[in-house]
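Residues in the sequence shown are numbered from 1 upward in steps of one, following my numbering.
A quick write-up on the structure given underneath.
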Amino acid sequence: MSKIPEGWSRESIGSVGDKFVGGGTPSREVKDYYNGDIPWLTVKDLSEKDFYKGNAEEKITLKAIEESSSNLIEERNIIVSTRMGLGRGIINTCPMAINQDMRAIYLKKSKVTNEYFLQWYKGNSEKVEALGSGSTVKGITLDLLKGIEIPLPSMPEQKKIAEILTSVDKVIELTEIEIEKLKNLKKGMMQDLLTKGIGHTKFKDSPIGKIPESWEKETIGSVGEKFIGGGTPSRAVSEYYNGDIPWLTVKDLSDNDFYKSTAEEKVTLKAIRESSSNLVEENNIILSTRMGLGRGVINTCAMAINQDMRAIYLKKEKITNEFFLQWYKANSEKVIGLGSGSTVKGITLDLLKAIELYLPPIPEQKKIVSILESIDKRTDSLILKLVKSKNMKKGLMQDLLTGKVRVKV
């Protein structure tokens, strides 16, 4: 049991809760129970980042509450998930009904504030999850929930701690909103730039609609000079791994990646020479062709690849790497749609090569890329800010919610 600072007390959720209220699901067979005015909160309404909540996907009527096991929770109380999504919780900003997978806690206001409790609860979500039981869906009993211990500072210190953490939450929320705005802006810009181009007045018909007259129809096969596959060096040979050459696999790629110079694992030149893996020269296209379809990067250093990846050396006189990758990512849904496989989707080389694209001249490709990259740079800057803010929040929670660092009140 960890020590707590002098002046703090150790309580249980059971001892700081004045009342614990469960919920239920009104019968779906009674139409008068649904489409009312009262938000009916279920696990699907909660995300990990939710803190305050004033709405729900479904609404029910007062009649539904009166004639079912659901309950109406007065505003400004704690509602936590006790089955699925353990560790999630909110403060309801309006009266809400809840289903059987939720539990409302009316806290003793003399002992703990809603905001401090919820910051602590979310900061200890792993502890809550660990107490869950169930082979497929994890749940936590009320007794186990009540037994969880919570360290409590004085009320003024609770308020100050919650205020500090909430201010960081606000920065995180606003940054996420800005990132989403930029992503939507880029999506709209790509739709225009990759089909209409820049400054054109003459257009021609195509399967994707009208495109500039000067654009040429190509396929990935016709713009690719060389297509290279990969493989996995034997794990039984120790000399194959922990080398100097990044060995790219699907797990190294995210939707946000564009340029790539690192990989989780590295292999040796011996591994490449003696296996089906291949070394891809720097500044080429590497795509995932099994799992993570639609993802791709430009490698900024020489890299090896495994069997789920495919490298494309493009014909530089026809298309730039950057234009190709912007186009490819914008059309990721088309690539995913061509994938096959019952559990893991993959795309064959023939299908990949057959995908059509319409190309502007190289100078126009570069202009289009410049516009899209300017949005990417702003987005990347905000993503970095978001990561830093989340790390700051994590550090502050570890310090402030344990009393390791005290706040002045």
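Note that beta-carbon positions come from the ideal geometry of N, C-alpha and C, so glycine has one too.
Computed from a predicted structure; not experimentally measured.
Task: Residue interval of the alpha helix (DSSP H) (run including V171) - done: M155 to K196
Task: Neighbourhood of P283 by C-beta distance below 8 Å, restricted to the same chain and skipping five residues each side - done: In the sequence under discussion, the amino acid at residue 283 is Asn, which differs from the Pro named in the question. I298, N299, T300 and N321.
TODO: Determine, using beta carbons only, whether K260 and I286 come nearer to each other than 9 Å.
DONE: yes
Open item on the list: Less than 9 Å between the beta carbons of K186 and D376, yes or no?
Closed with: yes
Open item on the list: Checking 9 Å against the spacing of the C-beta atoms, do Y34 and K53 come in under that value?
Closed with: no
Open item on the list: To the nearest angstrom, how far is the alpha carbon of Y358 from that of T201?
Closed with: 17 Å
Task: Own chain partners of K226 with C-beta closer than 7 Å, once the 5 adjacent residues on each side are dropped - done: Y313
Task: C-beta neighbour in chain B for K146, strict 9 Å - done: Going by chain labels, chain B is absent from the structure shown, which holds only one protein chain.
Open item on the list: Three Cβ pairs or more, each shorter than 8 Å: is that satisfied between the region 76 to 94 and the region 41 to 56?
Closed with: yes
TODO: Return the Cβ separation of Y121 and V168 in integer angstroms, given the expectation that the two are a contact with Cβ distance under 8 Å.
DONE: Contact doesn't hold; Cβ gap of about 17 Å is too wide.
- [ ] Please list, in chain order, all residues of the same chain as S2 whose beta carbon is under 6 Å from its beta carbon, the five residues on each side excluded.
- [x] none
Open item on the list: So for N321, helix, strand or coil by DSSP?
Closed with: helix
- [ ] In angstroms with no decimal places, state the Cα-to-Cα distance between L400 and S238.
- [x] 45 Å
Open item on the list: At the level of alpha carbons, what is the spacing between W38 and S70?
Closed with: The displayed chain sequence assigns Ile, not Trp, to residue 38. So the alpha carbons of these two residues sit roughly 11 Å apart.
Open item on the list: Taking DSSP's pairing of strands, which residues face W247 in a bridge?
Closed with: E265 and A304
Open item on the list: Could you pull the DSSP bridge partners for Y106 from this structure?
Closed with: K19
Task: 9 Å Cβ cutoff met for I305 and W247 - done: yes
Open item on the list: Measuring straight from C-alpha to C-alpha, what distance separates T219 and L382?
Closed with: 35 Å
Open item on the list: Spatial neighbours of K63 within its chain, please: C-beta separation below 6 Å, excluding the five flanking residues on both sides.
Closed with: D32
Task: Boundaries of the beta strand (DSSP E) in which M96 is found, first to last residue - done: M96 to I98
Open item on the list: Three Cβ pairs or more, each shorter than 8 Å: is that satisfied between the region 360 to 369 and the region 331 to 339?
Closed with: no
Task: Endpoints, alpha helix (DSSP H) assigned at D350 - done: L349 to A354
TODO: Would you please state the rounded distance, in angstroms, between the beta carbons of D255 and R310? I believe it to be under 8 Å.
DONE: D255 to R310, Cβ: 18 Å. No contact.
- [ ] Compute the distance between the beta-carbons of M102 and T82, then report whether it is under 9 Å.
- [x] yes
Open item on the list: According to DSSP, simplified to helix, strand and coil, what is S12?
Closed with: strand
- [ ] Taking E57 as part of the beta strand (DSSP E), name the residues at either end of that continuous run.
- [x] Careful: E57 lies outside any beta strand (DSSP E) and carries neither H nor E.
- [ ] Would you check if the region 385 to 396 and the region 201 to 217 touch, i.e. whether three or more CB-CB distances between them fall below 8 Å?
- [x] no
TODO: Give me the Cβ distance between K146 and G14, rounded to the nearest whole Å; I'm assuming they're in contact under 8 Å.
DONE: 3 Å
Open item on the list: I'd like to check one pair, V21 with I150: are the Cβ atoms closer than 9 Å?
Closed with: no
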